[in-house]
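Number of protein chains: 2
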Amino acid sequence: MGPFRQPKLYYVNNWPSVKIFGDDTLIIYDRIFDQIPSARAWIRAFPACYAVKSGENLKDIDLFPGHIKAIERVTRKLSSRKLKIVVLGGGSVGDFGGFVASVFKRGVELIHFPSTWLAAFDSSHGGKTALNVSGVKNQIGTFYPATQVYMVKSLLTSQPPERSFEALGELIKMGLLAGGDLYSKMNRVSAFNSKALWRLLPLVVRAKYRIVNKDPREQTGERQVLNFGHTLGHIFEAHFALPHGVAVLAGIQFSLEWSYQRQLLSQKEYLNLMRAKFWKKAVDKKMSSTWKHLNMLALLGEAPRTYMGYLQQDKKKSGVRMLGFVFLKKPGAPTVINVDFKEILAEISRQSSFWG
Amino acid sequence: MGPFRQPKLYYVNNWPSVKIFGDDTLIIYDRIFDQIPSARAWIRAFPACYAVKSGENLKDIDLFPGHIKAIERVTRKLSSRKLKIVVLGGGSVGDFGGFVASVFKRGVELIHFPSTWLAAFDSSHGGKTALNVSGVKNQIGTFYPATQVYMVKSLLTSQPPERSFEALGELIKMGLLAGGDLYSKMNRVSAFNSKALWRLLPLVVRAKYRIVNKDPREQTGERQVLNFGHTLGHIFEAHFALPHGVAVLAGIQFSLEWSYQRQLLSQKEYLNLMRAKFWKKAVDKKMSSTWKHLNMLALLGEAPRTYMGYLQQDKKKSGVRMLGFVFLKKPGAPTVINVDFKEILAEISRQSSFWG
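The structure is reproduced here in structure tokens:
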């Protein structure tokens, strides 16, 4: 479907004026902002508003007809030709709002205001939108990049610290995939606090677009490296109800172990990576209790058929029992190798005894 | 979203082998073909099949979750990376199946087999997919061109003659928009029978792509000329429950009258057009009774607020009470002019007294 048009990226200290979005704009927003007076006032200034409750339930296809009928009602007075949709929220709100924008009136302009670090680092960039079908995540969706993404410092830094932890999986993933400046800056961070996250944000976002622009619609396979840590990460997330960021960190560690085992990663690089400071800092303070529960043995010690079931659901399957697994040769040098499900199960078993 | 990739067009005498579509293909088809043994055998050879009942009800957003869950079930054994969707049916099945292909797994390959002349001439080309929301047509949808469109002679010519009449509105529309070779061939046709339609088909399809390729996503306005005859046509279709083709013919006549009235169309061109042979041939034989009922006075004699209601729903509205109306300067030379709803109502009133 042709080249990917990268959105205009704005890094701003505060909410921009609502006026710049014109008279025919709908805002779809996480209803949690109705409880924050300054945000509420900003939202109410839009010509049309639609509040949603964030979470995977928002993405359930069964609820979509109700949402779209309500959105059709609240936008009836706006010009459908000039309609824009501003989306304010985290991952689920972005996935949902992006999908709505991509299909409403056959596609209207989309502007993202990610409200969580995870959305700002990852999900609001790259154009993926999604709904869930019969409980299976992201079974339908579109590739539909926003035209503008606003990263608002006051919004992002006002989040409780435990929410920033969720983003660290994607941040560390991008640091390992990109290498170079981002990797060394990430390694030198004294703590992953708001200040550090805001400083790293443009580097992470730029690294993501560098990959996405090569393969915006996941056709060439180049975008597949973004799945680093996610094959096992998704399983951990679903089966153990772990936060996404934590599950991805565990998935990355699984991949690094396997990369070393397959001699893709040299002993020197492996040891450097294992001793890198960011792991400890990622699980600092309040979050260390969550990390302590992340006993790899517990994660990996499940019956093989549990994993097999999840692997078969994995939408990345390239054949019936194969998938492209992302290994790391060194920071900045990922590689995708097609592996059989059996190989994954064998490696799970190997690592499980290793952690035991 | 970048350039439009025109599908490969195949004009073939008979159904191609199902094998060429591979092992991971779903066919979404009009269930009427289950009653035709040869078609049924062809359909059953696909790795996965999903039968639908054609009609606008198929496009109702309320029924979409049920459809997509069933489609997810029947395709679970196929590779989602290689999945293709073949769509066999007329306009509503094409709109529905195209939409499914555009969002399922974030978009899979789409192959159209239009089974009606109307779909073969018009709706299977140009990439528009659509569902209806709260009874309003095509409120959601995507621009998602097929990769291949198969025009199968034995399929199209096996339709009952009254079905071919439905396509004549779009055929005559394209003849007037394109002018040149298509217009003169259309004028010289001795009867709009299957043989003539099959011969004209490639010319009409080529003329449509010439317009669509300039403006695949309706962004520049160049594609808007395809709306010729449709502003009033859609109203006639909805309010009087006329077949689409008949309603468009009446809408075209309204536009020609208005074009002449506004001196966009010279008296000479107007008289040539009014006396052109294709009008009579389009309403030949079995269909002449339908056309006789098309008393323009009856169509135009409704209360102005009836029209106003429909105009306000029209998705082409460019402002609150304006729309781009397609006039004709001569065959091959349409022009789009923004007109106020009031001007349309005044012209309806003028033509209504004229026909009385």
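Protein chains in written order, with our numbering: chain A, 14 to 369; chain B, 14 to 369.
Note that the Cβ used here is the ideal one computed from N, Cα and C, for glycine as well.
Chain B residues whose Cβ lies nearer than 9 Å to that of residue i
{"i": "K118(A)", "result": "N151, Q152, I153, G154 and K328"}
Listed by chain order, chain A residues near residue i by CB distance under 8 Å
{"i": "I74(B)", "result": "F77, P78, I81 and K82"}
{"i": "E85(B)", "result": "V146, S147, V149 and Q152"}
Whether residue i touches residue j by CB criterion (8 Å)
{"i": "L277(B)", "j": "F340(B)", "result": "yes"}
{"i": "S177(A)", "j": "S207(A)", "result": "yes"}
{"i": "G242(B)", "j": "K186(B)", "result": "yes"}
{"i": "V202(A)", "j": "I153(B)", "result": "no"}
{"i": "A133(B)", "j": "L123(B)", "result": "no"}
{"i": "A52(B)", "j": "F46(B)", "result": "yes"}
{"i": "P312(A)", "j": "F249(A)", "result": "The sequence shown places Leu at residue 312(A), not Pro. Yes."}
{"i": "H125(A)", "j": "A180(A)", "result": "no"}
{"i": "L131(B)", "j": "G258(B)", "result": "yes"}
{"i": "L209(B)", "j": "A191(B)", "result": "Per the sequence shown, residue 209(B) should be read as Ala rather than Leu. Result no, Cβ atoms of A209(B) and A191(B) do not sit closer than 8 Å."}
{"i": "G139(A)", "j": "V225(A)", "result": "yes"}
{"i": "S147(A)", "j": "D108(A)", "result": "no"}
{"i": "P229(A)", "j": "F112(A)", "result": "no"}
{"i": "F267(B)", "j": "Q364(B)", "result": "yes"}
{"i": "T38(B)", "j": "K97(B)", "result": "yes"}
{"i": "V31(B)", "j": "W55(B)", "result": "yes"}
{"i": "V106(A)", "j": "G182(A)", "result": "no"}
{"i": "L91(B)", "j": "D43(B)", "result": "no"}
{"i": "L195(A)", "j": "L216(A)", "result": "yes"}
{"i": "T142(B)", "j": "Q172(B)", "result": "no"}
{"i": "P347(A)", "j": "V162(A)", "result": "no"}
{"i": "F367(A)", "j": "I350(A)", "result": "no"}
{"i": "V218(A)", "j": "W28(A)", "result": "no"}
{"i": "V99(A)", "j": "F34(A)", "result": "yes"}
{"i": "G264(A)", "j": "L245(A)", "result": "yes"}
{"i": "P317(A)", "j": "P78(B)", "result": "no"}
{"i": "L239(B)", "j": "L213(B)", "result": "no"}
Residue i: first and last residue of the uninterrupted beta strand (DSSP E) it sits in
{"i": "F178(B)", "result": "No beta strand (DSSP E) holds F178(B); the alpha helix (DSSP H) holding it covers P174 to A191."}
{"i": "E122(B)", "result": "E122 to P127"}
{"i": "F340(A)", "result": "M335 to K343"}
{"i": "N151(B)", "result": "V149 to I153"}
{"i": "I41(B)", "result": "T38 to D43"}
{"i": "Y24(A)", "result": "K21 to V25"}
{"i": "L144(A)", "result": "L144 to V146"}
{"i": "D353(A)", "result": "A346 to D353"}
{"i": "Y63(B)", "result": "A61 to V65"}
Start-to-end residues for the alpha helix (DSSP H) that takes in residue i
{"i": "I56(A)", "result": "P50 to R57"}
{"i": "L168(B)", "result": "K166 to L169"}
beta-carbon residue i near the ligand PLP non-hydrogen atom, thresh 7 Å
{"i": "H243(A)", "result": "No copy of the ligand PLP appears in this structure; indeed no ligand is present at all."}
Exercise for the section: Mind the definition here: the segment 86-101 of chain B touches the segment 53-68 of chain B only if three or more C-beta pairs lie below 8 Å; say whether that holds. Expected result: yes
Handout entry: Any alpha helix (DSSP H) of 4 or more consecutive residues that is wholly inside the segment 221-291 of chain B
Key = 243-253, 257-274 and 280-288
Problem - Complete beta strand (DSSP E) runs within the segment 79-109 of chain A (minimum length 3 residues, chain order) - result: 97-102
Practice task
Kindly confirm or deny that the segment 337-352 of chain B and the segment 267-283 of chain B touch, where touching means at least three C-beta pairs closer than 8 Å.
Solution key: yes
Handout entry: At least 3 beta-carbon pairs within less than 8 Å: the segment 67-78 of chain A vs the segment 66-83 of chain B
Key = yes
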